[in-house]
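Enquirer: Residue numbers (the UniProt record's numbering): 1 to 282.
My structure is below; once you've seen it, I'll send some questions.
Here you go:
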């Protein structure tokens, strides 16, 4: 069913075209703005919408601040956010996030089709994702749900999408975990899996390390495909924290070392995104 929504901030109208994504947390529509340009519009389900986690005015102001921070992001490897607003609809609040439309496939689709990538192809994606991650972290944004399905290609350029779990931090120090679910378990860092209470931007580095390994090898570093709980995944990783690379797949020692440093169990010894980008550049 077609719908038209007007932004209370800009006055621009968006007309729905078709659903291009649907998940547990909301529906993503392809929309056309009144200037004929195409955008993605995420319509958040009420119980998962960022504003509904806590009803206090203070939280709503903070949530809006976090979204506005994302809107200011201008990096080529970070999806561009255009607007966000909420509208009352039959007694409930619909929440909309308007962002750049990426017409390509996700990294998940690419890996599902190819299994694994050549080192040259993987490296090209790696260095762009590392650059985007460095940018986000320098803007004090933690994505908290980096996974292949949340990396989309636009004209061959990989972009981080879906900032539904993103967090803005005001200080460069470990931050206390909120009481909401964060991320996808197979890509969650140990400090998130064990709910120790503290984490920092390096949870994103861990998730990206898992992805880098997958691109080169074709599967997770640990046998966690069938694990059905965070505790089970944590137990599997704790049984053997070492990162093993199949000898039959030719991978440079440089990339092996970088991925190993990204997947350090103790986040205090894990490299940060600035060092990651520097190591990939050298």
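From the three backbone atoms N, C-alpha and C, an ideal C-beta is built for every residue, glycine too.
Using only alpha-carbon positions, find the residue among 233, 168, 257, 13 that is nearest to residue 285.
Expert: Here the chain comprises residues numbered 1 to 282, so residue 285 is not present and cannot be evaluated.
Enquirer: Using 8 Å for Cβ pairs, my map puts residue 95 next to residue 44. What's the rounded Cβ distance?
Expert: Here residue 95 is taken as the residue at index 95 of the chain shown, counted from 1. Here residue 44 is taken as the residue at index 44 of the chain shown, counted from 1. Rounded to the nearest angstrom, the Cβ distance from residue 95 to residue 44 is 4 Å, consistent with a contact under 8 Å.
Enquirer: How should residue 246 be labelled, buried or exposed, when 16 other C-beta atoms within 10 angstroms of its C-beta is the threshold for buried?
Expert: Along the chain shown, one-based indexing puts residue 246 at 246. When all chains shown are included, residue 246 counts as exposed.
Enquirer: Just grab the DSSP bridge partners of residue 32 for me.
Expert: As a first step, residue 32 is located in the chain shown; it is residue number 32 there, counting from the start. Paired residue(s): 15, 38.
Enquirer: How would you call residue 19, buried or exposed, if buried means at least 16 neighbouring beta carbons within 10 angstroms?
Expert: If you number the chain shown from 1, residue 19 lands on position 19. Burial call: exposed.
Enquirer: In terms of residue numbering, what span does the beta strand (DSSP E) encompassing residue 264 cover?
Expert: Counted from its first residue, the chain shown places residue 264 at position 264. Premise fails: residue 264 is in no beta strand (DSSP E) and is neither H nor E.
Enquirer: Quick check: the region 259 to 275 against the region 119 to 139, are at least 3 beta-carbon pairs closer than 8 Å?
Expert: yes
Enquirer: Under a three-way DSSP split, which group does residue 2 fall into?
Expert: For the purposes of this step, residue 2 is taken as the residue at position 2 of the chain shown. DSSP places residue 2 in coil when its eight states are reduced to three.
Enquirer: Give me, in chain order, the residues of the same chain whose beta-carbon lies closer than 8 Å to that of residue 211; leave out the 5 immediate sequence neighbours on both sides.
Expert: Taking the first residue of the chain shown as 1, we reach residue 211 at position 211. Cβ neighbours of residue 211 beyond the five flanking positions: 107, 129, 146, 147, 148, 151, 187.
Enquirer: Closer than 7 Å by C-beta to residue 85: which residues in its own chain qualify, once you throw out the five before and the five after it? Chain order, please.
Expert: For this step, residue 85 is matched to residue 85 along the chain shown. The answer, listed in chain order, is 7, 8, 9, 96.
Enquirer: Within this structure, are the beta carbons of residue 79 and residue 100 separated by less than 7 Å?
Expert: In the chain shown, counting from the first residue as 1, residue 79 sits at position 79. In the chain shown, counting from the first residue as 1, residue 100 sits at position 100. The answer is yes: Cβ separation under 7 Å.
Enquirer: If you check the beta carbons only, do residue 293 and residue 189 fall under 7 Å apart?
Expert: Outside the shown range of the chain, which is 1 to 282, sits residue 293, and nothing can be said about it.
Enquirer: Ordered along the chain, which non-local residues of its own chain (more than five positions away) have a Cβ less than 8 Å from that of residue 240?
Expert: For the purposes of this step, residue 240 is taken as residue 240 along the chain shown, with counting starting at 1. Result list for residue 240: 222, in chain order.
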